[in-house]
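> Handing you a structure now.
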Amino acid sequence: MAGEPTPEDEDAGSDENLATVAGKLGASVSSSDAPTRHGSGASTHGASQRGGSTLTADQALAADELQRTRLFLKVSAVLAGTLMAVTPFLSGGRAVRIGVTACAAVVVAVTLWFARTLRDDRGYSSRLWWAVSSILIVATCIGIYFIGVFSPAPMVGTLGIYFLCLGSSFAIALSSYLAGAILHAAPALAIAFGLIRDPGLFDAPDATVHDKLIAALMVQIVFGLTFLLARGSRRATRDAIERLHSALLQVQKREALLAEAHLDLDRALRGGFGGRYTDRRLGPFVLGEVIGRGAMSEVYRARHADDGSAAAVKVLRDLGADSGQLRRFLREAHIVSSLKSPHVVRVLHFGNFDGRVGDDAPPYLAMELLTGHDLAWHLRRERRLPPERLLELVDHVADAIGEAEAAEIVHRDLKPQNIFCAEPLPSEGHAEGAGPRVWKVLDFGVSKLTSSTGTLTRGHIVGTPGYMAPEQARGGEVGPRADVFALAVIVYRALTGRPAFSGKDMPRVLFDVCYAQPAQPSRMVAVPADVERALALGMAKHPEERLATTLELARALRAGFEGALSPDLRARADALLAQIPWGFRPSR
């Protein structure tokens, strides 16, 4: 099945809409919402969990553990405080009652102090929690010793063991169980065999050694089952969250792909039929059916009147009084014809730019007719590209954009629809589907000359929201690094099967482009860490932190797949991800 390039131009109306959205977006984002370039990694990570669209199983369990710890501390303080209040009224020796009260006081003091520390999420650390839990275990076991190892008091220990064993640290879980078991078993056995006197407030003077051993064994069995139950519950919860997270990711992917497919379907429905200039002759070309349509132009299948060779002729239509569109169209003709890269669509002829525009003589641009499909078509069918094919695409696109960069040209609208996979024609001596693939960059209609101080877009934002760089979305100065950002976003889409930035409305997409970070690629597909680093450098929010050229991005990605990214680039990427980690999305 053959397809052709379908360049899509931006009209003034869409530019104005984007400018209005960008203005509203800038006003709606406060300084506290946008991530600072030099913010701490800890606070940024916390924000990413609060603002992210979905949490991983580990993130969800970590958040749950923090909330559960706060509740556990309150419950422990209440139980210990109650024990302190009633101990003076219990029978037993004074020393025993003082010991129980002291242990309860330690528990109250430690739990209240740690609860105060946990008012800020950053106060939680595994080392500090290890120390606190050790103090609580020892204090609780000493208190049980004074109350009575053969009384119902040891059952309180199951509460602490269950809670601690639900945590993320297996070391803390195992040590808490073993500490509780040993600190109960040692005095219980010593008392059972008469090695020491039972100081408990609730002792068992009539119980035999046999009875005491059975009681101690039952406590140990309950402790062991509590440990197994807690760890099993954690595994079951984690598995359930993993399944839910995976399902949510699939839903998000399908919604994003559906939105992208709707746009492409709309483009497809506009081609493949007769147009205003069908069967007319423009210069040496006779025009056939329409094969693509943009905001200010139509693309026709055409043939050369003399030799019958095929071509794609882009015709400017509906000019009216807008001479700016004519100048943009002429600039595209000059730019594309000046680029000699085999990865830029080749210009054959252009004409009727003398200002005498009318239905009989519209400006036109004749280009090579490509056989194949654009990248969007391939991604709808394959969802992801294998690494070797993805690197081929990036190399070809980087060659085309690199030549444009050398000529001080910024494309400004790189996206899957503007990257075409040209298959060899049968006339070139290849069987269908054989021969080398060539990826070509299309549509320089909204490109910018970096050395030019003027503009042909009236100061409006141009480009496609999901692929434009943050500085482009804000209406700022756009340089070659905007094309680096767009190519990195395209690579993210082809690698993960999911657009980096998508949403139901344009403000949401522009907000995410400027301030959010997409989900981590390795959460969706197996990918080396160095590839993630290369993507982070390509999608840096600030141009000066981004890789300088598309050729640098291509080299970094290839090195990333080989696990050979340079130490300097690794350090730069890690610093960027510490500021704005994968999955970060601030609230608006």
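If you're matching positions, the sequence shown starts at -3 in the working numbering and goes up one per residue.
Cβ coordinates follow ideal geometry from the N, Cα and C atoms, glycine included.
Comparing C-alpha positions only, which one of Tyr141, Val505 and Pro514 sits nearest to Arg489?
Here the question's residue 489 lines up with position 493 in the sequence shown. Closest by alpha carbon: Pro514.
> Could you check whether Met502 and Ala482 sit closer than 8 angstroms to each other, using their CB atoms as the reference points?
The count along the sequence shown starts at 1 and reaches residue 482 at position 486. The count along the sequence shown starts at 1 and reaches residue 502 at position 506. For Ala482 and Met502, no; Cβs fall outside 8 angstroms.
> Exposed or buried, Gly156, counting other C-beta atoms within 10 Å across all chains shown (16 or more means buried)?
The sequence position of residue 156 within the sequence shown is 160, counting from 1. Its Cβ being crowded by 16 or more others within 10 Å, Gly156 is buried.
> According to the Cβ coordinates, are Cys161 and Arg227 closer than 8 angstroms?
Here residue 161 corresponds to residue number 165 of the sequence shown, with the count starting at 1. Here residue 227 corresponds to residue number 231 of the sequence shown, with the count starting at 1. In this structure, Cys161 lies near Arg227, with their beta-carbon atoms less than 8 angstroms apart.
> Exposed or buried, what is Ile192 when buried is set at 16 or more other beta-carbons lying within 10 Å of its beta-carbon?
Numbered from 1 along the sequence shown, position 196 holds the residue referred to as residue 192. Exposed, because fewer than 16 other Cβ atoms sit within 10 Å of the Cβ of Ile192.
> On the DSSP bridge list, what partners appear for Trp435?
Within the sequence shown, numbered from 1, the residue matching residue 435 stands at position 439. Answer is Cys417.
> Return the chain-ordered list of same chain residues with a C-beta closer than 6 angstroms to the C-beta of Leu547, the five sequence neighbours on each side being excluded.
In the sequence shown, the residue the question calls residue 547 occupies position 551. Scanning its chain for C-beta atoms nearer than 6 angstroms, with the 5 sequence neighbours on each side dropped, one finds around Leu547 the residues Ala394 and Gly398, in chain order.
> Measuring straight from C-alpha to C-alpha, what distance separates Lys381 and Leu491?
Counting from one through the sequence shown, the residue named residue 381 turns up at place 385. Counting from one through the sequence shown, the residue named residue 491 turns up at place 495. Looking at the sequence shown, residue 381 is not Lys but Leu. Rounded to whole angstroms, the gap between the alpha carbons of Leu381 and Leu491 is 6 angstroms.
> How would you call Met151, buried or exposed, if buried means at least 16 neighbouring beta carbons within 10 angstroms?
As a first step, residue 151 must be located in the sequence shown, where it is residue number 155. The residue in question, Met151, is exposed, as its Cβ has fewer than 16 Cβ neighbours within 10 Å.
> Pull up the distance between the alpha-carbon of Leu224 and that of Ile217, whole angstroms please.
Position 228 of the sequence shown, counted from the start, is the residue given in the question as residue 224. Position 221 of the sequence shown, counted from the start, is the residue given in the question as residue 217. Straight across, the Cα-Cα distance linking Leu224 with Ile217 is about 11 angstroms.
> May I ask you to report which of helix, strand or coil DSSP gives Val505?
Mapped onto the sequence shown, residue 505 falls at position 509. In the structure shown, Val505 sits in a helix (DSSP, three-state: H, G or I).
> Just verifying my parser: in three-state terms, what is the DSSP assignment at Lys310?
Translated into positions along the sequence shown, residue 310 becomes position 314. Lys310: strand per DSSP, three-state reduction.
> Where does Arg494 sit, in a helix, a strand or coil, going by DSSP?
If you number the sequence shown from 1, residue 494 lands on position 498. In the structure shown, Arg494 sits in coil (DSSP, three-state: anything other than H, G, I, E or B).
> For Asp370, which residues does DSSP report across the bridge?
Indexing the sequence shown from 1 puts residue 370 at position 374. Among the bridge pairs identified by DSSP, Asp370 is matched with Phe416.
> Label Val205 either buried or exposed according to how many other C-beta atoms from any shown protein chain fall within 10 Å of its C-beta, with 16 as the threshold for buried.
Here residue 205 refers to the residue found at position 209 of the sequence shown. So Val205 ends up on the exposed side.
> Could you compute how far the alpha carbon of Ala73 sits from the alpha carbon of Thr107?
Taking the first residue of the sequence shown as position 1, residue 73 is located at position 77. Taking the first residue of the sequence shown as position 1, residue 107 is located at position 111. The alpha-carbon atoms of Ala73 and Thr107 are separated by roughly 6 angstroms.
> Would Val247 pass as a contact of Tyr273 if the rule is Cβ separation under 8 angstroms?
Within the sequence shown, numbered from 1, the residue matching residue 247 stands at position 251. Within the sequence shown, numbered from 1, the residue matching residue 273 stands at position 277. In this structure, Tyr273 does not lie closer than 8 angstroms to Val247 by Cβ.
> Taking DSSP's pairing of strands, which residues face Gly347 in a bridge?
Within the sequence shown, numbered from 1, the residue matching residue 347 stands at position 351. DSSP lists Tyr360 as partners of Gly347.
> Alpha carbon to alpha carbon, how far is Glu473 from Thr460?
Translated into the one-based positions of the sequence shown, residue 473 becomes position 477. Translated into the one-based positions of the sequence shown, residue 460 becomes position 464. In a straight line, the C-alpha of Glu473 is about 16 angstroms away from that of Thr460.
> Could you give the distance in angstroms between the alpha-carbon of Pro582 and the alpha-carbon of Val509?
For the purposes of this step, residue 582 is identified with residue 586 of the sequence shown, where counting begins at 1. For the purposes of this step, residue 509 is identified with residue 513 of the sequence shown, where counting begins at 1. Cα-Cα distance, rounded: 12 angstroms.
> In terms of DSSP beta bridges, what is Ile187 paired with?
Within the sequence shown, numbered from 1, the residue matching residue 187 stands at position 191. Partner(s): none; Ile187 has no beta bridge.
> Helix, strand or coil for Ser147 per DSSP?
To locate residue 147, count along the sequence shown from 1; it is residue 151. Correct three-state label for Ser147: coil.
> Which residues mark the beginning and the end of the alpha helix (DSSP H) in which Ile94 is found?
As a working mapping, residue 94 is identified with position 98 in the sequence shown. Its alpha helix (DSSP H) spans residues Arg90 to Thr113.
> Is there a Cβ from chain D that is less than 8 angstroms from the Cβ of Ile331?
Absent from the structure: chain D. Only one protein chain is present.
> Any idea what DSSP makes of His300, helix, strand or coil?
Working through the sequence shown from its first residue, we reach residue 300 at position 304. Strand.
> Enumerate in chain order the residues of its own chain whose CB-to-CB distance from Val343 is below 6 angstroms, with the five nearest sequence positions on each side excluded.
For the purposes of this step, residue 343 is taken as the residue at position 347 of the sequence shown. Counting only Cβ-Cβ distances below 6 angstroms, and skipping sequence neighbours, we find Val332, Ser333 and Met363.
> Counting Cβ pairs, one atom from each stretch, are 3 or more of them under 8 angstroms apart for the segment 400 to 415 and the segment 291 to 303?
no
> Please work out which residues of its chain come closer than 7 angstroms, Cβ to Cβ, to Asp479, disregarding the five sequence neighbours upstream and downstream, and give them in chain order.
Taking the sequence shown and counting its residues from 1, the one referred to as residue 479 is at position 483. Cβ neighbours of Asp479 beyond the five flanking positions: Ile397, Val406, His407, Leu410 and Thr546.
> Let me make sure I understand the geometry here. Which of Leu361, Val505 and Ala496 has the alpha-carbon closest to that of Asp439?
Taking the first residue of the sequence shown as 1, we reach residue 439 at position 443. Considering only Leu361, Val505 and Ala496, the residue with the shortest C-alpha distance to Asp439 is Leu361.
> Do the segment 367 to 384 and the segment 530 to 539 touch if we need at least three Cβ pairs shorter than 8 angstroms?
no
> Between Thr222 and the rest of its own chain, which residues show a CB-CB distance below 8 angstroms, the 5 nearest in sequence each way excluded?
Within the sequence shown, the letter at position 226 stands for residue 222. So the qualifying residues of the chain are Thr154, Ile157, Tyr158, Cys161 and Tyr173.
> Along the alpha helix (DSSP H) that carries Val340, what are the first and last residues, could you check?
Position 344 of the sequence shown holds residue 340. Counting along the chain, Val340 sits inside no alpha helix (DSSP H), nor does DSSP assign it H or E at all.
> Exposed or buried, Leu529, counting other C-beta atoms within 10 Å across all chains shown (16 or more means buried)?
Residue mapping note: residue 529 aligns to position 533 of the sequence shown, counting from 1. The sequence given here has Arg at residue 529, not Leu. Buried: at least 16 other Cβ atoms inside 10 Å.
> Assuming Phe146 contacts Pro195 under a Cβ cut-off of 8 angstroms, what Cβ separation, rounded to an integer in Å, is found between them?
Numbered from 1 along the sequence shown, position 150 holds the residue referred to as residue 146. Numbered from 1 along the sequence shown, position 199 holds the residue referred to as residue 195. The pair is not a contact, with the Cβ atoms about 12 angstroms apart (cut-off 8 angstroms).
> State the CB to CB distance for the pair Leu366 and Lys436, rounded to an integer number of angstroms; the pair is presumed to be in contact (CB under 8 angstroms).
For the purposes of this step, residue 366 is identified with residue 370 of the sequence shown, where counting begins at 1. For the purposes of this step, residue 436 is identified with residue 440 of the sequence shown, where counting begins at 1. That pair is a contact at about 7 angstroms.
> Of all the options Phe166, Arg379 and Arg554, which has the alpha carbon lying nearest to the alpha carbon of Arg250?
Position 254 of the sequence shown holds residue 250. Residue Arg379 is the option with its Cα nearest to Arg250.
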